[in-house]
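Trainee: Here it is: the structure, laid out below.
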Amino acid sequence: EIELTQSPVTLSLSPGERATVSCRARQSSSYFLAWYQQKPGQAPRLLIYDTYKRATGVPARFSGSGSATEFTLTISSLEPEDIALYYCQHRNTWPPLYTFGQGTKLEIK
Amino acid sequence: QVQLVESGGGVVQPGGALRLSCEASGFTLSNYGMHWVRQAPGKGLEWLGVISYDGNNKYYGDSVKGRVTVSRDTAENVLYLEMNSLRGDDTAVYYCAKEVDVYDAVDVWGQGTMVIVSS
Chain A
21 EIELTQSPVT LSLSPGERAT VSCRARQSSS YFLAWYQQKP GQAPRLLIYD TYKRATGVPA
81 RFSGSGSATE FTLTISSLEP EDIALYYCQH RNTWPPLYTF GQGTKLEIK
Chain B
-14 QVQLVESGGG VVQPGGALRL SCEASGFTLS NYGMHWVRQA PGKGLEWLGV ISYDGNNKYY
46 GDSVKGRVTV SRDTAENVLY LEMNSLRGDD TAVYYCAKEV DVYDAVDVWG QGTMVIVSS
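Residue numbers (our numbering), protein chains in the order written: chain A, 21 to 129; chain B, -14 to 104.
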């Protein structure tokens, strides 16, 4: 399994600001990188998969980028409802073993 | 409407075993790979395992490998997770989830079922 490191652990920003969450893989692997949003008491929600593809119904302010070992989730203009935990997920090329990052807590000032 | 509903959680004694079910509706399990993920109280997400869309391949996370089996009943459209030798750090909410594509991310999650390992 590939080790993932997310940063920052906590992010505190004002509405309308740009948020950037990073995910670093210990070794270069597949292009597979997904981002999930989780609100308290809820199951996670898929935001981005295959590094940059937005899942169905996800607002355009969410975008993903990166390659090899460095990946980024960007929220272009924060909305109050974006308060949540955000997790990245990576997968080995083969066998398909998955790993989650430790999570980033997004707070709105 | 695509939906997943887990069941089978509860209190289990240390050293015991569990079998969780995940009933799928709105889609057919034989067309999609399915995953199990858990989350201990106040902690992050931990991937447990996957069964391929054709049911022929199963892969498990290192932390539970050897204690976990993922299976399915395509006639009933139900996914299962069996885990044995349970210990306190297996206490968590267990989620089943459907793949968006083959060995890709998961786009539909159940509501989760809580398992508490305690004597």
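C-beta: ideal position from N, C-alpha, C; glycine also.
Report yes if the C-beta distance between B:E8 and B:T98 is below 7 Å; otherwise report no.
Mentor: Numbered from its first residue, the second sequence carries residue 8 of chain B at position 23. Numbered from its first residue, the second sequence carries residue 98 of chain B at position 113. Going by C-beta atoms, B:E8 is not nearer than 7 Å to B:T98.
Trainee: Is the shortest distance between the beta-carbon of A:F82 and the beta-carbons of chain B less than 7 Å?
Mentor: Residue mapping note: residue 82 of chain A aligns to position 62 of the first sequence, counting from 1. No, its Cβ sits nowhere closer than 7 Å to a Cβ of chain B.
Trainee: CA-CA distance, A:E127 and A:L98?
Mentor: Numbered from its first residue, the first sequence carries residue 127 of chain A at position 107. Numbered from its first residue, the first sequence carries residue 98 of chain A at position 78. Distance between the alpha carbons of A:E127 and A:L98 is about 10 Å.
Trainee: Would you mind giving the Cβ-Cβ distance between B:S70 and B:G0, rounded to the nearest angstrom? I have them listed as a contact below 8 Å.
Mentor: Reading the second sequence from its first residue, position 85 is the one you call residue 70 of chain B. Reading the second sequence from its first residue, position 15 is the one you call residue 0 of chain B. Confirmed, Cβ separation roughly 6 Å.
Trainee: Cβ of B:G97 less than 7 Å from any chain A Cβ?
Mentor: Here residue 97 of chain B corresponds to residue number 112 of the second sequence, with the count starting at 1. At least one chain A Cβ lies under 7 Å of B:G97.
Trainee: Any Cβ of chain B within less than 7 Å of the Cβ of A:L164?
Mentor: Only positions 21 to 129 of chain A appear in this structure, which leaves residue 164 of chain A out of reach.
Trainee: Would you check if there are 3 or more beta carbon pairs closer than 8 Å linking the segment 38 to 49 of chain A to the segment 91 to 107 of chain A?
Mentor: In short, these stretches touch, since the Cβ pair count reaches three.
Trainee: With respect to the beta strand (DSSP E) encompassing B:G(-5), which residues constitute its N-terminal and C-terminal limits?
Mentor: Within the second sequence, the letter at position 10 stands for residue -5 of chain B. Unbroken beta strand (DSSP E) run through B:G(-5): -5 to -3.
Trainee: Would you say A:Y93 faces chain B, with C-beta separation under 7 Å as the test?
Mentor: Position 73 of the first sequence holds residue 93 of chain A. According to the sequence shown, residue 93 of chain A is Leu rather than Tyr. It does not; no Cβ of chain B falls within 7 Å.
Trainee: Could you check the C-alpha separation between B:Q(-12) and B:C81 for me, to the nearest Å?
Mentor: In the second sequence, residue -12 of chain B corresponds to position 3, counting from 1. In the second sequence, residue 81 of chain B corresponds to position 96, counting from 1. Using only the alpha carbons, I get a separation of about 11 Å.
Trainee: What residues in its chain sit with their C-beta under 6 Å from that of A:E23, if we drop five residues either side in the sequence?
Mentor: Looking up residue 23 of chain A in the first sequence gives position 3. Taken in chain order, the residues that qualify are R46.
Trainee: Might you give, ordered along the chain, the residues of its own chain that have their beta carbon closer than 7 Å to the beta carbon of B:V22, omitting 5 neighbours on each side?
Mentor: To locate residue 22 of chain B, count along the second sequence from 1; it is residue 37. The residues are L30, E31, W32, L33, Y80, A82.
Trainee: Give me the Cα-Cα distance between A:K125 and B:G(-5), rounded to the nearest whole angstrom.
Mentor: One-based indexing of the first sequence puts residue 125 of chain A at position 105. One-based indexing of the second sequence puts residue -5 of chain B at position 10. Going from the Cα of A:K125 to the Cα of B:G(-5) covers about 29 Å.
Trainee: Of all the options B:T54, B:V63, B:G27, B:V91, which has the alpha carbon lying nearest to the alpha carbon of B:A2?
Mentor: Taking the second sequence and counting its residues from 1, one reaches residue 2 of chain B at position 17. The residue with the shortest Cα to Cα distance from B:A2 is B:T54.
Trainee: Taking only the alpha-carbon atoms, compute the straight-line gap between A:T25 and B:E61 and give it to the nearest angstrom.
Mentor: Counting from one through the first sequence, the residue named residue 25 of chain A turns up at place 5. Counting from one through the second sequence, the residue named residue 61 of chain B turns up at place 76. Cα-Cα distance, rounded: 39 Å.
Trainee: What are the partner residues of A:T94, as DSSP defines its beta bridges?
Mentor: Counted from its first residue, the first sequence places residue 94 of chain A at position 74. Its beta-bridge partners are A:T40, A:S83.
Trainee: With 7 Å as the threshold, decide whether the Cβ of A:P115 is near any Cβ in chain B.
Mentor: The count along the first sequence starts at 1 and reaches residue 115 of chain A at position 95. A:P115 counts as touching chain B.
Trainee: Within 7 Å of any Cβ in chain B, is that where the Cβ of A:Y106 sits?
Mentor: Taking the first sequence and counting its residues from 1, one reaches residue 106 of chain A at position 86. No, A:Y106 lies away from the interface with chain B (no Cβ there is under 7 Å from its Cβ).
Trainee: B:T108: which of B:L64, B:A77, B:R72 sits nearest, CA to CA?
Mentor: This structure leaves residue 108 of chain B out entirely; chain B is present only between -14 and 104.
Trainee: Check whether the Cβ atoms of A:Y107 and A:Y72 sit closer than 7 Å, and answer yes or no.
Mentor: Against the first sequence, residue 107 of chain A aligns to sequence position 87. Against the first sequence, residue 72 of chain A aligns to sequence position 52. Not a contact, by the Cβ cut-off of 7 Å.
Trainee: I'd like to check one pair, B:G(-7) with B:S10: are the Cβ atoms closer than 7 Å?
Mentor: Position 25 of the second sequence holds residue 10 of chain B. Position 8 of the second sequence holds residue -7 of chain B. Result no, Cβ atoms of B:S10 and B:G(-7) do not sit closer than 7 Å.
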